[in-house]
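Heads up, the sequence shown is in my numbering, so the first residue is 2 and it goes up one at a time. C-beta: ideal position from N, C-alpha, C; glycine also.
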Amino acid sequence: MTHPEAKHGRLPYLEPPPYSPIEWALAQVHGNAVINLASGSPDPRVAPIEEISRTSREILRELEATALMYPSPGGVEPLKRSIRRWCEYLQLGRGRVTVTSGAQHAIKLISELLLRGRKFAHEDPTFVEGMFPLLGAASANIPIPVDSMGMDTVRLESALRSGSRPLLVYSVPTCNNPTGVTMTLERRKHLLELADTYDFTILEDDPYRAVALSPGISLYKLRPDRVIYVGSMSKVISPGLRIGFVYSKDEELEGKLSRLAQTDFSTSTLNQYIVSRLIDSGFVQGRVNMLRTHYRRKLLAMRDSLEGNGLTREASPEDGFFTLVSFSKPSLEVFKASLRRGVVFVPAEKFYYSNTKRASRLARLSAGYPKEEDIEPAVKVIADSARL
Ligand SMILES: Cc1ncc(COP(=O)(O)O)c(C=O)c1O
């Protein structure tokens with residue numbers, strides 16, 4: 002339904018985000034038809050509707066009400082086994098699994114368990130929704146800039162040398178959100194060396210590995226004793242199932258996380274069985290190549306459209322969903338003008354925890370959700386709006 006004010010070219014904007022800037026951007030749409038470059042959801046056109054529906058019927062036929070009871074703490078055993086298989090397929094090596102309601106819930110549990118009253122460092126900009134529970138638990142945060150090679154570990158080292166002592170470093174080293182950048186191997190190794198020298202743990206948030214053609218070797222694979230890995234089935238199956246996991250060498254951590262997860266039962270029992278079967282049957286592994294080329298193609302279509310329309314990218318990601326774009330005026334102005342022409346994206350300021358003046362001219366565009374053929378016209382609208 003069209004919002005009554007939309008046809009006059011005016012929309013009632015909500016206040017700038019006290020909460021997720023992504024949810025804020027999407028809330029401004031007021032149900033109008035738009036091209037959506039704001040959502041971090043995967044492409045709905047590759048959602049495996051048939052397989053989920055068939056698998057769900059099979060499970061209910063075979064397991065009957067068992068699949069509809071409360072889940073066991075930390076996840077049902079068949080899914081824990083399947084996730085170990087999945088992680089070996091992703092070449093992460095061995096680990097112990099705690100099932101969570103998506104990666105976001107995993108970050109929340111880890112924050113509550115480990116970070117209360119302690120400090121953490123993180124990429125700047127970073128995934129703002131992951132930051133909420135971390136900031137909620139920690140006593141302080143230490144933002145470390147990201148450049149075209151990922152987290153600037155030399156800047157992290159200077160912070161550590163001058164006395165900062167984080168317990169945890171939160172990193173999205175592969176297809177960082179919102180920059181799209183994948184951390185180089187050299188930086189990954191440097192980060193791990195720093196973890197040894199200054200004795201901190203790395204929280205590796207890695208939801209894009211299975212949809213990236215060049216994800217880089219996982220930090221967990223390099224040093225399982227220094228890294229708590231957070232994985233997600235959201236981008237490779239679908240986010241609505243809410244299945245993520247913590248993968249770690251540490252048996253004690255697994256026990257504590259499972260006990261903490263009892264306070265909210267984590268996630269749906271039925272969905273856990275569904276994901277378990279989709280992994281065990283090889284269905285998920287079978288779609289990885291298709292997804293990797295699908296998202297690479299869409300991201301490159303976005304790159305070409307941005308270049309063709311004279312818009313500047315902050316970095317040149319080749320994988321994942323996101324590209325960060327800079328304008329010569331505040332991105333909120335470009336946002337409003339684009340929305341009037343039917344295109345929504347996310348002003349990127351709220352992904353930053355320092356340097357916010359420059360950040361007010363940046364925007365996160367996602368190539369993940371829109372139709373491929375809509376990307377070029379949407380970018381043109383944004384470019385025209387940026388020139389107004
Ligand atoms: C870096 C990052 N971590 C975590 C998530 C959320 O994953 P999940 O759906 O598993 O909670 C996202 C989603 O966009 C993300 O970009």
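Among the bridge pairs identified by DSSP, Met152 is matched with Val147. Here the segment 35-45 lies against the segment 369-378, with 3 or more beta-carbon pairs under 8 Å apart. The set of residues whose C-beta lies within less than 6 Å of a heavy atom of ligand 1 reads, in chain order, Gly41, Gly103, Ala104, Gln105, Phe128, Gly131, Val173, Asn178, Asp206, Pro208, Ser233, Ser235, Pro240, Gly245. Membership of Thr101 in the beta strand (DSSP E) is indicated by the continuous run 97-101.
Cβ atoms of Ala387 and Phe328 come within 8 Å of each other, at about 5 Å. Between the C-alpha atoms of Thr154 and Tyr71 there is a straight-line separation of about 43 Å.
Under a 10 Å Cβ-count criterion, Met291 is classified as exposed, with fewer than 16 other Cβ atoms of the shown protein chains found around its own Cβ. When DSSP states are grouped into helix, strand and coil, Ala34 belongs to the coil group.
In the displayed model, Asp207 falls within coil according to three-state DSSP, outside both helix and strand. Rounded to the nearest angstrom, the gap between the Cα atoms of Arg85 and Ser249 is 11 Å. Taking C-beta atoms as the reference points, Asp320 and Pro216 count as a pair closer than 9 Å. Thr67 has its alpha-carbon roughly 42 Å from the corresponding atom of Leu300. Bounds of any alpha helix (DSSP H) do not take in Ala316, whose DSSP letter is neither H nor E.
Segment contact: the segment 50-61 against the segment 253-262, fewer than three CB-CB distances shorter than 8 Å; contact not assigned. Under a 10 Å Cβ-count criterion, Thr268 is classified as buried, with 16 or more other Cβ atoms of the shown protein chains found around its own Cβ. The alpha-carbon of Thr175 is positioned some 8 Å away from that of Asp206. Collapsing the DSSP output to three states places Phe121 in a strand. Rounded to whole angstroms, the Cβ separation of Ile383 and Val335 is 6 Å, and the two are in contact under 8 Å. Cβ-Cβ distances below 8 Å link Ser149 to Val182, Ala316, Ser317 in the same chain, with the five nearest sequence neighbours on each side left out; the list follows chain order. For Pro167, the three-state secondary structure derived from DSSP is coil. With fewer than 16 other Cβ atoms from the protein chains shown falling within 10 Å of its own Cβ, Asp197 counts as exposed. Minimum Cα-Cα distance from Tyr199 among the listed residues Ser219, Val170, Met184, Thr180 corresponds to Val170.
Put simply, the backbone Cα of Thr185 is about 29 Å away from that of Val100. Each residue's CA atom was taken as its position, placing Val98 and Pro167 some 25 Å apart. Closest in alpha carbon position to Ala104, among Ala349, Arg342, Ala368, Tyr230, is Tyr230. By the beta-carbon neighbour count (other beta carbons within 10 angstroms, threshold 16), Leu69 is exposed. Remark: C-beta atoms of Ala107 and Phe246 approach each other more closely than 9 Å. Residue state for Ser21 is assigned as coil, using DSSP reduced to three classes. Secondary structure of Pro331 (DSSP, three-state): coil. A straight-line Cα-Cα distance of about 45 Å links Thr180 and Glu63. As summarised for the segment 219-283, the continuous alpha helix (DSSP H) elements at least 4 residues long and confined to that stretch are 220-223, 252-262, 270-281, given in chain order.
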